Amino acid sequence: MTFFLPKQTQIKFSRGGKKREENLGGFIRMMHEQQQHMRNRMERRKSIEEERLEIVDLSGMSLESLPTPSLSLGTICNLNLSNNNLQSIPESSIARLLNLMILDVHSNQLKSLPNSIGCLSKLKVLNVSGNLIDSLPKTIENCRSLEELNANFNKLMKLPDTIGFELINLKKLSVNSNKLVFLPSSTSHLTSLRVLDARLNCLRSLPRDLENLINLEVLNVSQNFQYLDTLPYSIGLLINLVELDVSYNKITTLPDSMGCLKKLQKLSVDGNPLTSPPSDVVEQGMHAVREYLSEKMNADHKSPQKKKSSWVGKLVKYGTFSGNTRHHGPRENRDGFIMSDYRSIDGLASPRYMGMFSPRRLFSPRTYFTR
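Residue 25 in the numbering used here is what sits at position 40 of the sequence shown, and the numbering runs on without skipping anything.
Have a look at this one:
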C-alpha cells in the first residue's frame, strides 16, 4: 500500500506485523510534522499580511468624491475621510475594504451610508458624526465586530429595529443630537455595552428591559426636554452603572429602584420638575437621593396596606434574584402586577444574568435559525 504526501514523499508498508506498526507510527509522525509545518507557514503569512495593512488619512482635503486609490483597498485597515465635502460613498469602494477596522467619515455632507457597509466584517470603530444621515442601513447589523458607533449630530429619526440582536460586541453607542423619538427595544440586548449617549434627542421613553445591559457604566439621556417624563423601574437594576445623567427633562419621579445603584458615583437630575425625591433631598447630593429612594422602596415593600409598587421588591419576593422557586398560591391571589415566568437556569436568574436568558435574546430572528 502506498500513500502520496507533499514533495513526492512516499511511505511503503510491509505486510509484517511489527514492521507494519513501526511504519504506521512513522507515517503518523510525518503527517503531524507536515500539518505543523503548514500551520507555521499560514501564521507567518498572516503576520506578513497584517504588517502590510495601511493607514490612509485623507481628512481635511475638501474632497467631494473619493480619489482613485494608489493601493489595493483590501490592504487598508484605517481610513480617515473626515472634514471633507463628501455627499456619498460608492457601494463598490466600501465592499472592497475587506480588512478595514476603523472608518471615520465625520463632518461631511453624507445623507446616507452604502448598504455594502455590511461587508465590513472586521470593522471595530465607525464614526459618522456631523453629517445629514436620517437613517442607518439595516446591513450595519452585519458588522458584528463593531465595538464603537458614533452617529452624533445627524438627522436620525430611528435606529434599525433589531440592531441590539446582532451587534453583540458593541461597547459604545453615541447617538446624541439627533431626532430620535425612541430607542428600539432590542437596544436592551446590547449586553457588552458600556456607554450609551442619547442626549439632545426627542426621546419619549426608554426600553423597559434595561436590566439586560449588565455592563453599562455610563447612561446619558439628558436634554430631551419636554419629551421624556418617566424612567423605567429597570434602570435601578443596572448593576454596573457609574454615571447617570437625566437632567433637563420632564421627570417628576425617580424610580425607587434607583436606591439599588450601589456603584453609582455621579447622578445629574437638574432641570426636572421633581416631586420625589423632594428638592431638599436633591440638594443634599447623590448619596442622599439614593438613601431616600432605598428607604422608600423598603417602606413600600414592608407596608401591608399598600399595593407594592417596587418592582425590585416583587422580584425578591418571588425568588427571581436568588433563582429559587417559591410558591405563593394561585396567580390571581398575588398582589401587585403579574410578572412573566422565568425559569431558573442553574440558579443564574439574577439581575446579572437575567437578560442573557430573556426569550427575545435566545430566539432572535437570526440567531435562532443559525444555531
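Think of the CB as a built atom: it goes at the ideal place given N, C-alpha and C, for glycine as much as any other residue. Since the structure is predicted, the reported quantities are computational estimates derived from the model, not experimental observations.
Taking one C-beta from the stretch 152 to 160 and one from the stretch 175 to 185 each time, how about it: are there three or more such pairs within less than 8 Å?
Enough Cβ pairs lie closer than 8 Å, so yes.
Based on the DSSP output, what are the partners of Ile13 in its beta bridges?
Note: Ile13 sits in no beta bridge, so no partner.
For Ile40, count neighbouring Cβ atoms within 10 angstroms of its own Cβ and tell me buried if that reaches 16, exposed if not.
Exposed: under 16 other Cβ atoms inside 10 Å.
What's the gap between the Cα of Asn93 and the Cα of Pro169?
Rounded to whole angstroms, Asn93 to Pro169 spans 27 Å at the Cα level.
The beta strand (DSSP E) with Val203 in it runs from where to where?
Unbroken beta strand (DSSP E) run through Val203: Val203 to Asn205.
Please report the distance separating the alpha-carbon of Tyr233 from that of Ser253.
Cα to Cα, Tyr233 sits roughly 9 Å from Ser253.
Assign Ser114 to one of two classes, buried (16 or more other C-beta atoms within 10 Å of its C-beta) or exposed (fewer than that).
Per the 10 Å Cβ criterion, buried.
Would you check if the distance between the CB atom of Asp194 and the CB atom of Ser173 is smaller than 8 Å?
Result yes, Cβ atoms of Asp194 and Ser173 sit closer than 8 Å.
Which residues bound the alpha helix (DSSP H) around Ser78?
Taken as a continuous stretch (DSSP letters only), the alpha helix (DSSP H) holding Ser78 covers Glu76 to Ala80.
What's the C-alpha gap between Glu126 and Asp285?
Each residue's alpha carbon lies about 43 Å from the other.
Please name the residue or residues paired with Val41 in a DSSP beta bridge.
In the DSSP output, where bridge partners are listed per residue, Val41 has Leu64.
Checking the sheet assignment: what are the DSSP bridge partners for Val180?
DSSP output for Val180 lists Lys157 and Val203 as bridge partner(s).
Buried or exposed for Ser264, please, with buried defined as at least 16 other CB atoms from any protein chain shown within 10 angstroms of its CB.
Label assigned to Ser264: exposed.
Under 8 Å by Cβ, that's how I've got Leu121 and Leu98 pegged, so tell me the actual separation to the nearest angstrom.
With 8 Å as the limit, Leu121 and Leu98 qualify as a contact, their Cβ atoms being about 7 Å apart.
For Pro262, does the count of other Cβ atoms within 10 angstroms reach 16, so buried, or fall short, so exposed?
Buried, because 16 or more other Cβ atoms sit within 10 Å of the Cβ of Pro262.
Looking at the secondary structure, which residues open and close the beta strand (DSSP E) in which Ser253 lies?
Lys251 to Ser253 is the span of the beta strand (DSSP E), which, as asked, contains Ser253.
Put Ile224 into one of helix, strand or coil per three-state DSSP.
Reduced to three states, the DSSP call for Ile224 is coil.
Where does the unbroken beta strand (DSSP E) through Glu151 begin, and where does it stop?
Not the beta strand (DSSP E): Glu151 falls in the alpha helix (DSSP H), residues Ile148 to Glu151.
Along the chain, where does the alpha helix (DSSP H) that runs through Val267 open and close?
Residues Ser264 to Val267.
For Glu148 and Ser177, which I take to be in contact (beta-carbon distance under 8 Å), what is that distance rounded to the nearest angstrom?
Here residue 148 is Ile; the residue named in the question, Glu, does not match the sequence. Not quite, the Cβ-Cβ distance comes to about 13 Å (not below 8 Å), so this is no contact.
What is the rounded straight-line gap between the Cα of Arg189 and the Cα of Leu66?
Whole-angstrom Cα-Cα distance: 34 Å.
Just how far apart, CA to CA, sit Asn69 and Asn135?
One C-alpha to the other measures close to 17 Å.
Quick check on this structure: which residue in Asn209, Leu88 and Ile199 has the alpha carbon closest to the alpha carbon of Lys248?
Closest option to Lys248, Cα to Cα, is Ile199.
How would you write the range of the beta strand (DSSP E) that Val110 sits in, first residue to last?
Per DSSP, Val110 belongs to the beta strand (DSSP E) from Val110 to Asn112.
What is the C-beta distance between Leu131 and Leu111, in whole angstroms, given that I count them as a contact (C-beta under 8 Å)?
Confirmed, about 6 Å.
Report buried or exposed for Pro240, applying the criterion of at least 16 other Cβ atoms within 10 angstroms of its Cβ.
Answer is buried; the Cβ neighbour count reaches 16.
According to DSSP, is Glu280 helix, strand or coil?
It is helical.
So Asp89 is in the beta strand (DSSP E); what residue range does that whole segment cover?
Run containing Asp89: Ile87 to Asp89, per the beta strand (DSSP E) assignment.
Just to confirm, is the Cβ distance from Lys108 to Met86 under 8 Å?
Correcting the residue type first, residue 108 is Leu in the shown sequence and not Lys. Contact flag set, yes.
When DSSP labels each residue in this structure, what does Asn25 get in the three-state scheme?
If DSSP states are grouped into helix, strand and coil, Asn25 belongs with the helices.
By the three-class DSSP mapping on this structure, what secondary structure does Pro261 have?
For the record, residue 261 in the displayed sequence is Ser; it is not Pro. Strand at Ser261.
Could you tell me the alpha carbon to alpha carbon distance between Leu204 and Pro192, rounded to whole angstroms?
Roughly 13 Å between the two C-alpha positions.
For the beta strand (DSSP E) that Leu134 lies in, which residues bound it at each end?
Per DSSP, Leu134 belongs to the beta strand (DSSP E) from Glu133 to Asn135.
May I ask you to check if the CB of Asp255 is nearer than 7 Å to at least one heavy atom of the ligand SAH?
Ligands are entirely absent from the displayed structure, and the ligand SAH is therefore not among its contents.
Look at the alpha carbon of Lys235 and the alpha carbon of Glu151, and state the distance between them as a whole number of angstroms.
Their Cα atoms are separated by approximately 33 Å.
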